[in-house]
Structure formats: structure tokens, C-alpha cells
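Colleague: What follows is a structure written as C-alpha cells; I'll ask about it next.
In my numbering, the protein residues as written are 1 to 390.
The structure is reproduced here in C-alpha cells:
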């Protein structure tokens, strides 16, 4: 499936993808994380990647200045007693796309940015690997312990209070905006996606490992983060538009480009970026549909944990997923976007998830590093990219 797009196309929609990349250190033969990898090692990679002046102001740089490019180090920021940034404990590298008028455009840019990252990481023995939860460590404890300023900062929002969780998880932010929606309608879409999230997330499951062992389900990430972290988040222009909840559903836009943005945060990472295309099409279709009545301010922990364990082998979740696909397909008017749903149909109909292949390889006795690296190495988009470049 081609993801080429016309950069001159105008649209009432905008799409973006943020994808967290984990690495295996081939020199030491270990998962590269906060326990063994310094900020500087990842920063050396970022320094070699290009910076595009045209990306700004639509990409947020942030107060710390770490997010200067399409690639930046994801980690746990540390501050002095007076609030000055003094360090960042790294977990990996995040890739973010610029805003695109089509889903195809967002996926194409992600593909190219990932290719560029691989080209500089592999020669220094950092191999991108697919996982949505740290397969080695079960906990992250900031060291040294938080000072007074950091403790106060951590208590300032539900997301900051649980900022230790993302140090163990790897997942995408799939975002889109629809030009004509009012603030009330944007919140409505956020609530709808939060409600139906348990039937959406299995399409992406890729975290069946926990503490160097095979976990009993397909997404330990979903099992542990739900109830503490948002499923969806929407960005508002004015403080009076915010709705209090924990985890948060609404957040103040930090730059103009974020106003009206709808961000789905509950999926696991996908090594086949075509799945992101399908998921964005599904989210758009659900947003456009006028027949779905489900609404939730916060994620249903029980339903998400059932999904994490059983995936589409759960009859109720499978039925709801098939219903969502049919509803989205009907709401989408673009045949190319409808076609993006095809891989999702296959997962639901076959009652499986991307994690099943990882589980099967583990049970055959394959090494963890080989299983995780195969998550990127055998994807349809990579084969298509290699063909296009040859």
C-alpha cells in the first residue's frame, strides 16, 4: 500500500504520529534503558540528525530545549531546588511527525524519519527493537530521590504524578484534528475514544514480556498503565474549557497548533507503521460517526485489563471491535482511508494481535533480543521502502 501524498493538498483534517523507539545495545547485549545508558549516548545520535526550520512553530520545543528536532530523547527530567533543568534520565528516542493533511503523509514522514534514525544508530551498535514495555525492569525509581521542587512539580497534575510509568512504557501518540469541531465537540470525541478504547488497543498489542519472562497476556503496558494514564487527551484553548479528571482528558494547548487536537495515547507501539495508518483511519471514522453513544471521562480499568489479557479472543471485545470497524468504514468517505482498515479487519476476524507472533517465538525458544528486533525487521512498510529505494 502506497503512503505517498501530495504536499500541496488542502484539507480540513490534520494528522500526526509520535513513536517511541527502544534500543538493544549490541555491544553489551542488553536492553538500552535508564539502568545502563547515558543521556549523552542518545544525544550523540540526535546531533547527527537534521533540523528543519519549516517544522516550527508547529512542533513544540518545550522549556528544556530537548525537543528541538523531529527526534528527541524521551526520559525523566531532573531539576534543581530552584527549578533549573539539571539532567534527563533517558529511556529512548521519540520520533514525531509534522502535521500532515493526510494519514498517508504522516505515515510516510514517520517511515523516513525512522530510516534516518536507523542509519546512524546501527553503526554504533544501537539496534531499534519493538516493545511497548521495558522487558527487563518492572519498576523505575528516580535516583537520586526527588528534591522539594521536583516533588511539588510532580504533584501539579495527574500526569506528572504518574511520570514514572512512561519510563517503562513505549507507545505512540496518534493525533488528529478536525477543523470544524467546536470545543464541546472535541471533548465529545475524546470521551467517545476513551469509552471505546478497550476494543481499539488490541490492534496494536506488542508487550507480552515482563521481567524477562513471558507474561500471561499480550499487553503488560495496557494492564499496568490503565487508570493511571489517559486513553485519550484533547487540547483546549481556554482554561474554562477544561474538565477536571484523573487521569486528565483535557489539557491547555501549549502552542497554537495544538488547539483542538485529539490525541489517542492508549495503543502499544507498532513495528509495522501501516498499522498506525489503519488506527488513525479508525479513530477518524469513530470521530466522524454520529451513531455511537458511548462516552467516558476516564478509562475503564477493568475492561482494559481484560483486553490486555485476552485481546480479540474475548467475544465481547471482538464483537465491539468489528462493530467499530464497520462504523468507521461507513463514516469514512475516502476509499484510500477505508482501505487502511484492512489489516485491522484481519486481526479482529482472526482473533489475534501483533503480540501473538512474539509469544510464539518465545515459546519456540528464540532469544528476547531476536524477538524484539524482528518487530521492525519483517514489516511490510520496510519491504516497500527498500523496494522504492532500490
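Note that the Cβ used here is the ideal one computed from N, Cα and C, for glycine as well.
The structure displayed is predicted, hence computed values, not measured ones.
Buried or exposed for residue 265, going by 16 or more other Cβ atoms inside 10 Å?
Modeller: Position 265 of the chain shown, counting from 1, holds the residue named residue 265. That one is buried.
Colleague: Is there contact here, the stretch 312-322 with the stretch 152-167, by at least three beta-carbon pairs under 8 Å?
Modeller: Contact between the stretch 312-322 and the stretch 152-167 is absent, because fewer than three Cβ pairs lie under 8 Å.
Colleague: Taking the DSSP output, what are the residues bridged to residue 251?
Modeller: Locating residue 251 in the chain shown gives position 251, where the first residue counts as 1. Answer is 235, bridged to residue 251.
Colleague: Which residues in the same chain have their Cβ closer than 8 Å to the Cβ of residue 227, if we skip the five residues on either side of it in sequence?
Modeller: Indexing the chain shown from 1 puts residue 227 at position 227. For residue 227, where only same-chain residues beyond five positions count, the Cβ hits under 8 Å are 247, 298, 299, 301, 304.
Colleague: So residue 347 is in the beta strand (DSSP E); what residue range does that whole segment cover?
Modeller: The residue given as residue 347 occupies position 347 in the chain shown. Not the beta strand (DSSP E): residue 347 falls in the alpha helix (DSSP H), residues 342-349.
Colleague: For residue 97 versus residue 109, is the C-beta distance shorter than 7 Å?
Modeller: Position 97 of the chain shown, counting from 1, holds the residue named residue 97. Position 109 of the chain shown, counting from 1, holds the residue named residue 109. In this structure, residue 109 lies closer than 7 Å to residue 97 by Cβ.
Colleague: Is the beta carbon of residue 201 sitting closer than 7 Å to the one on residue 267?
Modeller: The count along the chain shown starts at 1 and reaches residue 201 at position 201. The count along the chain shown starts at 1 and reaches residue 267 at position 267. Going by C-beta atoms, residue 201 is nearer than 7 Å to residue 267.
Colleague: Per DSSP, what kind of secondary structure is residue 215 in: helix, strand or coil?
Modeller: Reading the chain shown from its first residue, position 215 is the one you call residue 215. It is coil, neither helix nor strand.
Colleague: Below 8 Å, how does it come out for the stretch 329-344 and the stretch 272-284: are there three or more Cβ pairs, yes or no?
Modeller: yes
Colleague: Who pairs with residue 175 in a beta bridge, going by DSSP?
Modeller: The residue given as residue 175 occupies position 175 in the chain shown. Beta-bridge pairing links residue 175 to 16, 263.
Colleague: Give me the DSSP bridge partner(s) of residue 128.
Modeller: Numbered from 1 along the chain shown, position 128 holds the residue referred to as residue 128. For residue 128, which the question treats as bridged, DSSP gives the partners 23.
Colleague: Can you tell me which of the three DSSP states residue 189 falls into?
Modeller: Along the chain shown, one-based indexing puts residue 189 at 189. Note: residue 189 maps to helix in three-state DSSP.
Colleague: Tell me whether residue 183 sits in a helix, a strand or coil according to DSSP, three-state version.
Modeller: Taking the first residue of the chain shown as 1, we reach residue 183 at position 183. Reduced to three states, the DSSP call for residue 183 is helix.
Colleague: Could you check what DSSP says for residue 86 in three-state terms: helix, strand or coil?
Modeller: Taking the chain shown and counting its residues from 1, the one referred to as residue 86 is at position 86. Residue state, collapsed to three classes: strand.
Colleague: Expressed to the nearest angstrom, what Euclidean distance is found between the alpha-carbon atoms of residue 183 and residue 362?
Modeller: Position 183 of the chain shown, counting from 1, holds the residue named residue 183. Position 362 of the chain shown, counting from 1, holds the residue named residue 362. Taking the straight line from one Cα to the other gives about 47 Å.
Colleague: To the nearest angstrom, report how far apart residue 256 and residue 100 are at their CA atoms.
Modeller: Stepping through the chain shown from its first residue, residue 256 is reached at position 256. Stepping through the chain shown from its first residue, residue 100 is reached at position 100. Going by the C-alpha atoms only, they are around 16 Å apart.
Colleague: Which same chain residues end up closer than 6 Å to residue 138 when comparing Cβ atoms and leaving out the 5 residues on each side of it in sequence?
Modeller: As a working mapping, residue 138 is identified with position 138 in the chain shown. Hits under 6 Å: 211.
Colleague: For the beta strand (DSSP E) containing residue 413, list its first residue and its last residue.
Modeller: As displayed, the chain neither begins before 1 nor continues past 390, which places residue 413 out of reach and without an answer.
Colleague: On the CB-based measure, 16 or more other CB atoms within 10 Å of its CB, does residue 107 come out buried or exposed?
Modeller: What you label residue 107 is simply residue 107 of the chain shown in a count that begins at 1. Per the 10 Å Cβ criterion, buried.
Colleague: Taking 8 Å as the limit between beta carbons, can you name the residues of its chain near residue 196, skipping five residues before and five after?
Modeller: Sequence index remark: in the chain shown, residue 196 carries index 196 (1-based). So the list reads 286, 292, 294, 320, 324, once near-sequence residues are dropped.
Colleague: Quick one, which of 203, 193, 31 has its alpha-carbon nearest residue 296's?
Modeller: By one-based count along the chain shown, residue 296 stands at place 296. Closest option to residue 296, Cα to Cα, is 193.
Colleague: Return the CA-CA distance between residue 395 and residue 73, expressed in angstroms with no decimal places.
Modeller: Given that the chain is displayed from residue 1 to residue 390, the structure contains no residue 395 and the question cannot be resolved.
Colleague: Answer yes or no: the CB of residue 271 versus the heavy atoms of the ligand NAP, is any distance below 6 Å?
Modeller: No copy of the ligand NAP appears in this structure; indeed no ligand is present at all.
Colleague: Is residue 141 buried or exposed, if buried means 16 or more other CB atoms sit within 10 Å of its CB?
Modeller: Mapped onto the chain shown, residue 141 falls at position 141. The residue in question, residue 141, is exposed, as its Cβ has fewer than 16 Cβ neighbours within 10 Å.
Colleague: When you compare the stretch 20-35 with the stretch 115-125, are there three or more beta-carbon pairs, one atom per stretch, that lie closer than 8 Å?
Modeller: Contact check between the stretch 20-35 and the stretch 115-125: three or more CB pairs, one atom from each, fall below 8 Å, which counts as touching.
Colleague: Which whole-angstrom value describes the C-beta separation of residue 143 and residue 12, a residue pair presumed to lie in contact below a C-beta threshold of 8 Å?
Modeller: As a first step, residue 143 must be located in the chain shown, where it is residue number 143. As a first step, residue 12 must be located in the chain shown, where it is residue number 12. Contact flag wrong, Cβ pair sits at about 48 Å.
Colleague: When the Cα atoms are used, what is the spatial distance from residue 306 to residue 220?
Modeller: For the purposes of this step, residue 306 is identified with residue 306 of the chain shown, where counting begins at 1. For the purposes of this step, residue 220 is identified with residue 220 of the chain shown, where counting begins at 1. Taking the straight line joining both Cα atoms gives about 11 Å.
Colleague: Check this for me: beta carbons of residue 171 and residue 309, under 7 Å apart or not?
Modeller: Here residue 171 refers to the residue found at position 171 of the chain shown. Here residue 309 refers to the residue found at position 309 of the chain shown. No; because the gap between Cβ atoms is not below 7 Å, this pair is not in contact.
Colleague: Under a Cβ-count criterion, where at least 16 other Cβ atoms within 10 Å of its own Cβ denotes burial, should residue 52 be classed as buried or exposed?
Modeller: Position 52 of the chain shown, counted from the start, is the residue given in the question as residue 52. Exposed.
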